[in-house]
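Working notes, structure below.
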Amino acid sequence: AQKVTQAQTEISVVEKEDVTLDCVYETRDTTYYLFWYKQPPSGELVFLIRRNSFDEQNEISGRYSWNFQKSTSSFNFTITASQVVDSAVYFCALRDAGGTSYGKLTFGQGTILTVHP
Amino acid sequence: DTGVSQNPRHKITKRGQNVTFRCDPISEHNRLYWYRQTLGQGPEFLTYFQNEAQLEKSRLLSDRFSAERPKGSFSTLEIQRTEQGDSAMYLCASSLAYNEQFFGPGTRLTVL
């Protein structure tokens with residue numbers, strides 16, 4: 001069975017601080033995909049990034065960066081110079097590459113990020 | 001707006017009543033998913049359609065729940081004889097093949 005663990009329930013930072021959100025996953029699949037979604041107070045889940053299991057290159061997109069380490073089954077997300085608008089719940093999710101799961105996402109419990117001015 | 005839309009956004013009902021939610025996916029997306037999210041938790045998978053075929057149902061989906069996607073376009077999720085434990089946010093997502101899923105704003109159900 002697939003499992004995603006986000007051990008940090010809540011994080012509170014002051015604007016302009018860097019913050020890292022942790023994600024650890026479990027799967028028996030050799031090929032899989034990892035995702036991060038953001039859920040602002042409005043409630044709609046916003047897709048941020050998708051990474052596949054055979055590409056461990058870290059990625060940077062503006063103030064966002066992602067660190068994928070297959071050896072430790074982790075896919076951490078860093079926001080550099082955080083802003084108040086980054087306040088939201090962030091979810092890490094896992095999906096296998098096909099087979100019998102039909103692409104359903106397994107989500108972690110989410111990390112509530114609050115950025116104070 | 002070409003995103004995923006869901007109606008209604010909020011639904012309050014009394015225990016024992018039936019409710020139906022609608023999801024309109026992004027037009028070219030052939031896959032449609034329903035998830036349920038309770039307070040403080042991540043979304044949990046309920047069911048999945050590829051075009052009009054319902055290909056997978058979670059064990060979370062009791063026999064009081066039924067979903068359809070006629071003609072492979074919009075989808076409906078019906079809950080019969082609602083219970084207080086059904087109170088949650090019901091999320092719909094769509095995707096093109098195995099690409100990333102895009103979510104709608106959800107329908108918040110409150111069962112009194």
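If you're matching them up, the sequences are chains W and V in order.
Under the working numbering, the first residue of the first sequence is numbered 1, with each subsequent residue one higher.
Under the working numbering, the first residue of the second sequence is numbered 1, with each subsequent residue one higher.
Virtual Cβ for every residue (Gly too), placed ideally from N, Cα, C.
Since Q54 of chain V meets chain W, which of its residues come closer than 7 angstroms, beta carbon to beta carbon? Position 54 of the second sequence, counted from the start, is the residue given in the question as residue 54 of chain V. Within chain W, no residue comes near Q54 of chain V; the closest Cβ sits about 10 angstroms away, beyond 7 angstroms.
If I'm right that P117 of chain W touches E10 of chain W with Cβ under 8 angstroms, what's the distance once you round it to whole angstroms? Here residue 117 of chain W is taken as the residue at index 117 of the first sequence, counted from 1. Here residue 10 of chain W is taken as the residue at index 10 of the first sequence, counted from 1. Incorrect: roughly 18 angstroms between the Cβ atoms, too far for contact.
Work out the CA separation of L112 of chain V and S53 of chain W for me, nearest whole Å. Sequence index remark: in the first sequence, residue 53 of chain W carries index 53 (1-based). Sequence index remark: in the second sequence, residue 112 of chain V carries index 112 (1-based). Roughly 44 angstroms separates the two Cα atoms.
Is the Cβ-Cβ distance between P25 of chain V and S94 of chain V less than 8 angstroms? On the second sequence, position 25 is the one that residue 25 of chain V refers to. On the second sequence, position 94 is the one that residue 94 of chain V refers to. In this structure, S94 of chain V lies closer than 8 angstroms to P25 of chain V by Cβ.
For a cutoff of 8 angstroms on Cβ pairs, would you count Q69 of chain W as touching chain V? Your numbering for residue 69 of chain W matches position 69 in the first sequence. Judged by the 8 angstroms Cβ criterion, Q69 of chain W is not in contact with chain V.
Do E56 of chain V and G72 of chain V have their C-beta atoms within less than 8 angstroms of each other? One-based indexing of the second sequence puts residue 56 of chain V at position 56. One-based indexing of the second sequence puts residue 72 of chain V at position 72. No; because the gap between Cβ atoms is not below 8 angstroms, this pair is not in contact.
Can you list, in chain order, the residues of its chain whose CB lies under 6 angstroms from that of P43 of chain V, leaving out five sequence neighbours each side? Locating residue 43 of chain V in the second sequence gives position 43, where the first residue counts as 1. Cβ neighbours of P43 of chain V beyond the five flanking positions: Y35, Q37, L91.
Does F54 of chain W have its Cβ less than 8 angstroms from a Cβ in chain V? As a first step, residue 54 of chain W is located in the first sequence; it is residue number 54 there, counting from the start. No, F54 of chain W lies away from the interface with chain V (no Cβ there is under 8 angstroms from its Cβ).
Is there a C-beta anywhere in chain V that falls below 8 angstroms from the one on G62 of chain W? The residue given as residue 62 of chain W occupies position 62 in the first sequence. Output row for G62 of chain W: interface = no.
Flag S87 of chain V as yes if its beta-carbon sits less than 8 angstroms from any beta-carbon of chain W, otherwise no. The residue labelled residue 87 of chain V in the question sits at position 87 within the second sequence. False, the Cβ-Cβ gap to chain W never drops below 8 angstroms.
Beta-carbon proximity check, K3 of chain W vs T106 of chain W, cutoff 8 angstroms: Taking the first residue of the first sequence as position 1, residue 3 of chain W is located at position 3. Taking the first residue of the first sequence as position 1, residue 106 of chain W is located at position 106. The Cβ atoms of K3 of chain W and T106 of chain W sit closer than 8 angstroms to each other.
If we ignore side chains and look at the alpha-carbon of each, how far apart do T82 of chain V and Q101 of chain V end up? Walking along the second sequence from the start, residue 82 of chain V turns up at place 82. Walking along the second sequence from the start, residue 101 of chain V turns up at place 101. The alpha-carbon atoms of T82 of chain V and Q101 of chain V are separated by roughly 28 angstroms.
Select from V:G85, V:F74, V:D86, V:F45 the residue whose C-alpha is nearest the C-alpha of V189 of chain V. In the structure as shown, chain V begins at 1 and stops at 112. Residue 189 of chain V is therefore absent and cannot be evaluated.
So which of V:R108, V:P105, V:L96 has the shortest CA-CA distance to E28 of chain V? Residue mapping note: residue 28 of chain V aligns to position 28 of the second sequence, counting from 1. Nearest C-alpha to E28 of chain V: V:L96.
Kindly indicate which three-state DSSP category S74 of chain W falls into: helix, strand or coil? For this step, residue 74 of chain W is matched to residue 74 along the first sequence. DSSP places S74 of chain W in strand when its eight states are reduced to three.
Compare the beta carbon distance of W36 of chain W and L48 of chain W with 8 angstroms and say whether it is the shorter of the two. The sequence position of residue 36 of chain W within the first sequence is 36, counting from 1. The sequence position of residue 48 of chain W within the first sequence is 48, counting from 1. A contact, by the Cβ cut-off of 8 angstroms.
Terminal residues of the beta strand (DSSP E) in which R51 of chain W lies: Locating residue 51 of chain W in the first sequence gives position 51, counting from the first residue. Residue range 46-52 is occupied by the beta strand (DSSP E) that includes R51 of chain W.
Please identify, using Cβ separations under 7 angstroms, the residues of the stretch 26-53 of chain W that lie next to chain V, in order along the chain. Identification of residues in the stretch 26-53 of chain W having a C-beta nearer than 7 angstroms to some C-beta of chain V yields F35, G43, E44, L45, F47, R50, given in sequence order.
List the residues of chain V whose Cβ lies closer than 8 angstroms to the Cβ of L113 of chain W, in chain order. As a working note, residue 113 of chain W is residue 113 in the first sequence. The premise fails here: L113 of chain W is roughly 15 angstroms from chain V at the closest Cβ pair, so nothing lies under 8 angstroms.
Check each candidate in W:T114, W:V85, W:L94, W:V89 and name the one with the smallest Cα separation from F75 of chain W. The residue given as residue 75 of chain W occupies position 75 in the first sequence. When only C-alpha atoms are compared, the closest one is W:L94.
Per-residue contacts from F107 of chain W into chain V (C-beta, under 7 angstroms): Taking the first residue of the first sequence as 1, we reach residue 107 of chain W at position 107. Those are G42, P43, listed as they occur along chain V.
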